[in-house]
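In what follows, a structure is listed as structure tokens, so that the remarks can point back to it.
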Amino acid sequence: MRFPRFGELFRPLHGWLVYLLVLTALSSGQAQAATHEQNKQWKSPSGAVLSYGVYPSQGRNRLLWMGAEYGEQRYEQAAAKYFAAHGVEVWLVDSLSAYDLPDLRSSRDKVPASDMQALLQFALQDGKQLALAGAGTNVIPLLNGVQLLQQAEQAQNAKIRSFDAVLIYPDLIKEVDTGAALHFLPATSHVRLNIALLQPQQSPRFWWLDKLKDTLQRGGSKVSIRVLPGVRDGFYERPNQSQHEMNEAKKLGKIMFDAWRKLVTDTST
Amino acid sequence: MRVLLAFTLSLFIVFAHAADTGLHAVTPYPAQALALSDMNGKKFDLANYRGRVVLVNFWATYCPPCLKEMPSMERLQKRMAGKPFAILSVNVGEQNSDVQAFLKQVPVTFPILMDRDGIRLKAWKAFALPSSFVVDAQGRVRYAMFGGTEWDEHDSMDKLTALLPTH
Numbered sequence: 021m022r023f024p025r026f027g028e029l030f031r032p033l034h035g036w037l038v039y040l041l042v043l044t045a046l047s048s049g050q051a052q053a054a055t056h057e058q059n060k061q062w063k064s065p066s067g068a069v070l071s072y073g074v075y076p077s078q079g080r081n082r083l084l085w086m087g088a089e090y091g092e093q094r095y096e097q098a099a100a101k102y103f104a105a106h107g108v109e110v111w112l113v114d115s116l117s118a119y120d121l122p123d124l125r126s127s128r129d130k131v132p133a134s135d136m137q138a139l140l141q142f143a144l145q146d147g148k149q150l151a152l153a154g155a156g157t158n159v160i161p162l163l164n165g166v167q168l169l170q171q172a173e174q175a176q177n178a179k180i181r182s183f184d185a186v187l188i189y190p191d192l193i194k195e196v197d198t199g200a201a202l203h204f205l206p207a208t209s210h211v212r213l214n215i216a217l218l219q220p221q222q223s224p225r226f227w228w229l230d231k232l233k234d235t236l237q238r239g240g241s242k243v244s245i246r247v248l249p250g251v252r253d254g255f256y257e258r259p260n261q262s263q264h265e266m267n268e269a270k271k272l273g274k275i276m277f278d279a280w281r282k283l284v285t286d287t288s289t
Numbered sequence: 025m026r027v028l029l030a031f032t033l034s035l036f037i038v039f040a041h042a043a044d045t046g047l048h049a050v051t052p053y054p055a056q057a058l059a060l061s062d063m064n065g066k067k068f069d070l071a072n073y074r075g076r077v078v079l080v081n082f083w084a085t086y087c088p089p090c091l092k093e094m095p096s097m098e099r100l101q102k103r104m105a106g107k108p109f110a111i112l113s114v115n116v117g118e119q120n121s122d123v124q125a126f127l128k129q130v131p132v133t134f135p136i137l138m139d140r141d142g143i144r145l146k147a148w149k150a151f152a153l154p155s156s157f158v159v160d161a162q163g164r165v166r167y168a169m170f171g172g173t174e175w176d177e178h179d180s181m182d183k184l185t186a187l188l189p190t191h
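Residue numbers (the working numbering), protein chains in the order written: chain P, 21 to 289; chain R, 25 to 191.
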């Protein structure tokens, strides 16, 4: 008779050990996420209750981010954590579900601008420096709110607040008249923002960036453009991501943070 | 699955949202110049297509509706064989390798012109992909649309056939 070797002795336990390790890793990950993200709700003037995730940070900056154009938040949440880890608190807002609006393009313009204006004011209340973010059509309610806020300030002869804004593949098109004209939504040329515009190269919008930039500048916005090569609009939300899109999606936080930091640096110099 | 459905639906809505959905008549205007080479360097010039109805289609391999309508364009070409009709498809901003990979999956026989720097797309004011223009035998744009369609279905076929010169 020989004594079993160490490996042989523990072989029956291998499955259980692996299971326990995975379970531990998962539960610690959940615990970590719970400490990083806080789910909050805010009641808007219209009565709609907006849900938002707070990724707290002690810094003086806050990013108000209209999230998840297509309901896929995985990469946005990771990006929000990246911002928080670098000293910028993030409020990741779900602007659609509060209004029982379907996840359609046309829904974005139905989010009451007065609610978005109030949300901006709420996010400004504690004196943090507010920056904005949004992707695709989710930029629409954000800009509608900014337009209303800035118009109100103008009407009161108050100082008009400008915001840094990171806009990813913003879809601000109102109407396409093929062969003739491209029309943008009114807010496009009625807000004053300091914009970092991140546009995937594999998109028809890439070819008309100059037109969007002109329209934004008409309202007094400053626009700096960064083209993202090899990816399509919605690259971090697509169900059919290419490998390159997946890799870029994992870098979303860094891409956005660098764009925001450059805005801040350029403004202060 | 929910994400996939939402994304697909939203893409549809992107195209359904704007004003000029469907192949619609426009006030006739002279077509912009379109002189480009295909992947092999062969030159094509729309000006040489006078006397024929031409479907000019701007597209890219990353655009799902573009890919969906391509087989119907191939069928359209076959159904219009022998008639004064041609298709000039214009790939926007991509490399030969991108288009070649696509053609392995969806082989087409009509010319694919390469608008590598998007200059023709801009001149033609194709704001979305795909964008299509129907040019009559006199070189005037008669129909336009953005978004994909089934080109060999009645509506499109009837409109194209009505433009064909009678002799």
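All C-beta atoms, glycine included, are put in the ideal place defined by N, C-alpha and C.
Small disclaimer: the values here were computed from a predicted structure and weren't measured.
Give, in chain order, every unbroken run of the beta strand (DSSP E) that is at least 3 residues long and sits entirely within the segment 161–208 of chain P. 183–188, 193–197 and 201–204
Report the residue from R:Thr185, R:Met169 and R:Leu188 whose alpha carbon sits nearest the alpha carbon of Ala201 of chain P. The count along the first sequence starts at 1 and reaches residue 201 of chain P at position 181. Answer by Cα proximity: R:Met169.
Spell out whether any CB of chain R is found under 7 Å from the CB atom of Arg252 of chain P. Taking the first sequence and counting its residues from 1, the one referred to as residue 252 of chain P is at position 232. So, interface residue.
Helix, strand or coil at Arg76 of chain R [DSSP, three-state]: Stepping through the second sequence from its first residue, residue 76 of chain R is reached at position 52. Arg76 of chain R: coil per DSSP, three-state reduction.
Is the separation between the beta-carbon of Val283 of chain P and that of Arg246 of chain P shorter than 7 Å? Against the first sequence, residue 283 of chain P aligns to sequence position 263. Against the first sequence, residue 246 of chain P aligns to sequence position 226. It is worth fixing the name first, because residue 283 of chain P is Leu in this sequence and not Val. Cβ atoms of Leu283 of chain P and Arg246 of chain P: not closer than 7 Å.
Which of the three DSSP states, helix, strand or coil, is assigned to Ala71 of chain R? As a first step, residue 71 of chain R is located in the second sequence; it is residue number 47 there, counting from the start. Helix at Ala71 of chain R.
For the segment 191–205 of chain P, enumerate the residues whose C-beta is nearer than 9 Å to any C-beta of chain R, in chain order. Asp191, Ile193, Lys194, Glu195, Val196, Asp197, Thr198, Gly199, Ala200, Ala201, Leu202 and His203
Using a Cβ-Cβ cut-off of 8 Å (strictly less than) and excluding sequence neighbours within five positions of Ala42 of chain R, which residues of its own chain qualify? In the second sequence, the residue the question calls residue 42 of chain R occupies position 18. The pLDDT assigned to Ala42 of chain R is 49, lower than 50, so where the model puts this residue is not dependable; a value taken from the coordinates is nonetheless given after this. Correct list, in chain order: Ala152 and Phe170.
Cross-chain neighbours of Gly106 of chain R in chain P, by beta carbon under 8 Å: Against the second sequence, residue 106 of chain R aligns to sequence position 82. Around Gly106 of chain R, no beta-carbon contact reaches into chain P at under 8 Å, the shortest distance being about 29 Å.
Check the Cβ of Trp148 of chain R against every Cβ in chain P and list those closer than 8 Å, keeping chain order. Against the second sequence, residue 148 of chain R aligns to sequence position 124. At a beta-carbon threshold of 8 Å, the residues of chain P lying near Trp148 of chain R are Gly199, ordered along the chain.
If distances are taken between C-alpha atoms only, which option among R:Gly172, R:Trp148, R:Asp182 and R:Lys67 comes closest to Cys90 of chain R? Here residue 90 of chain R is taken as the residue at index 66 of the second sequence, counted from 1. When R:Gly172, R:Trp148, R:Asp182 and R:Lys67 are compared, the shortest CA-CA separation from Cys90 of chain R is found for R:Gly172.
Can at least three beta-carbon pairs, one atom from the segment 59–77 of chain P and one from the segment 220–233 of chain P, be found at a separation below 8 Å? no
Are the C-beta atoms of Ser96 of chain R and some chain P residue less than 7 Å apart? Within the second sequence, residue 96 of chain R is the residue found at index 72, counting from 1. Answer no: the Cβ-Cβ gap between Ser96 of chain R and chain P never drops below 7 Å.
Only counting the same chain, and skipping five residues up and downstream in sequence, which positions put a Cβ closer than 6 Å to that of Leu205 of chain P? One-based indexing of the first sequence puts residue 205 of chain P at position 185. Leu192 and Lys194.
Residue-level contact to chain P via CB, Gly171 of chain R, 7 Å cutoff: The residue given as residue 171 of chain R occupies position 147 in the second sequence. Answer no: the Cβ-Cβ gap between Gly171 of chain R and chain P never drops below 7 Å.
Below-7 Å beta-carbon distance, Pro224 of chain P vs any chain R residue: Here residue 224 of chain P refers to the residue found at position 204 when the first sequence is read from its first residue. Pro224 of chain P counts as touching chain R.
Return the chain-ordered ranges of every alpha helix (DSSP H) run that is complete within the segment 89–169 of chain R and spans a minimum of 4 residues. 120–129 and 143–147
Please list the residues of the segment 140–164 of chain R that have a C-beta atom closer than 7 Å to any C-beta atom in chain P, keeping them in chain order. Within the segment 140–164 of chain R, the residues whose Cβ lies closer than 7 Å to some Cβ of chain P are Gly142, Leu145, Lys146, Trp148, Lys149, Ala150, Phe151, Ala152, Leu153, Ser155 and Phe157, listed in chain order.
Within chain P, the residues that Ala168 of chain R reaches when beta carbons sit closer than 9 Å: To locate residue 168 of chain R, count along the second sequence from 1; it is residue 144. Ordered by position in chain P, the residues that pass the 9 Å Cβ test against Ala168 of chain R are Asp197, Thr198, Gly199 and Ala200.
Given this structure, state the Cα-to-Cα distance separating Leu28 of chain R from Tyr72 of chain P, to the nearest angstrom. What you label residue 28 of chain R is simply residue 4 of the second sequence in a count that begins at 1. What you label residue 72 of chain P is simply residue 52 of the first sequence in a count that begins at 1. With a pLDDT of only 47 at Leu28 of chain R, under the threshold of 50, the placement of this residue in the model should not be trusted; the figure read from the coordinates follows. Each residue's Cα considered, the two are about 23 Å apart.
Would Tyr73 of chain R pass as an interface residue toward chain C - the criterion being a Cβ-Cβ separation below 7 Å? This model lacks chain C altogether, as its protein chains are P and R.
What residues from chain R crowd round Trp228 of chain P, counting only those whose CB sits closer than 7 Å? If you number the first sequence from 1, residue 228 of chain P lands on position 208. Phe151, listed in chain order.
Can you grab the Cα-Cα spacing for the pair Gly273 of chain P / Leu232 of chain P, in whole Å? Taking the first sequence and counting its residues from 1, one reaches residue 273 of chain P at position 253. Taking the first sequence and counting its residues from 1, one reaches residue 232 of chain P at position 212. Those two C-alpha atoms are separated by around 24 Å.
May I ask which residues mark the beginning and end of the alpha helix (DSSP H) holding Tyr256 of chain P? On the first sequence, residue 256 of chain P is found 236 positions in, with the first residue counted as 1. Premise fails: Tyr256 of chain P is in no alpha helix (DSSP H) and is neither H nor E.
What's the call for Ala153 of chain P, buried or exposed, on a 16-neighbour Cβ count within 10 Å? Stepping through the first sequence from its first residue, residue 153 of chain P is reached at position 133. Result: buried.
Per DSSP, what kind of secondary structure is Ser61 of chain R in: helix, strand or coil? Here residue 61 of chain R corresponds to residue number 37 of the second sequence, with the count starting at 1. Strand, per DSSP.
Under the three-state reduction of DSSP, which class applies to Gly156 of chain P: helix, strand or coil? The count along the first sequence starts at 1 and reaches residue 156 of chain P at position 136. Helix at Gly156 of chain P.
Starting from the Cα of Gly65 of chain R, find the closest Cα among R:Leu47, R:Ala150, R:Val77 and R:Met138 and give me that residue. Counted from its first residue, the second sequence places residue 65 of chain R at position 41. The closest CA to that of Gly65 of chain R, considering only R:Leu47, R:Ala150, R:Val77 and R:Met138, is found on R:Met138.
Taking a contact to mean a Cβ-Cβ separation below 7 Å, would you say Val8 of chain P touches Ala100 of chain P in this structure? There is simply no residue 8 of chain P to check, as chain P begins at 21 and stops at 289 in what is shown.
Quick check on this structure: which residue in P:Tyr75, P:His264 and P:Ser241 has the alpha carbon closest to the alpha carbon of Asp184 of chain P? By 1-based counting over the first sequence, the position of residue 184 of chain P is 164. The residue with the shortest Cα to Cα distance from Asp184 of chain P is P:Ser241.
Three CB pairs or more closer than 8 Å across the segment 177–190 of chain R and the segment 98–112 of chain R: yes
Measuring only the C-alpha atoms, how far is Gly117 of chain R from Glu173 of chain P? Your numbering for residue 117 of chain R matches position 93 in the second sequence. Your numbering for residue 173 of chain P matches position 153 in the first sequence. So the alpha carbons of these two residues sit roughly 44 Å apart.
Relative to the C-alpha of His210 of chain P, which residue among P:Thr157, P:Leu162, P:Pro65 and P:Leu116 is closest? Indexing the first sequence from 1 puts residue 210 of chain P at position 190. Of the candidates P:Thr157, P:Leu162, P:Pro65 and P:Leu116, the one whose C-alpha sits nearest the C-alpha of His210 of chain P is P:Leu162.
Could you name the residues of the segment 47–65 of chain R whose beta carbon sits closer than 7 Å to any beta carbon of chain P, in the order they occur along the chain? Under the 7 Å Cβ criterion, the segment 47–65 of chain R contributes Val50.
Would you call the CB atoms of Leu100 of chain R and Asp176 of chain R closer than 7 Å? Within the second sequence, the letter at position 76 stands for residue 100 of chain R. Within the second sequence, the letter at position 152 stands for residue 176 of chain R. Result yes, Cβ atoms of Leu100 of chain R and Asp176 of chain R sit closer than 7 Å.
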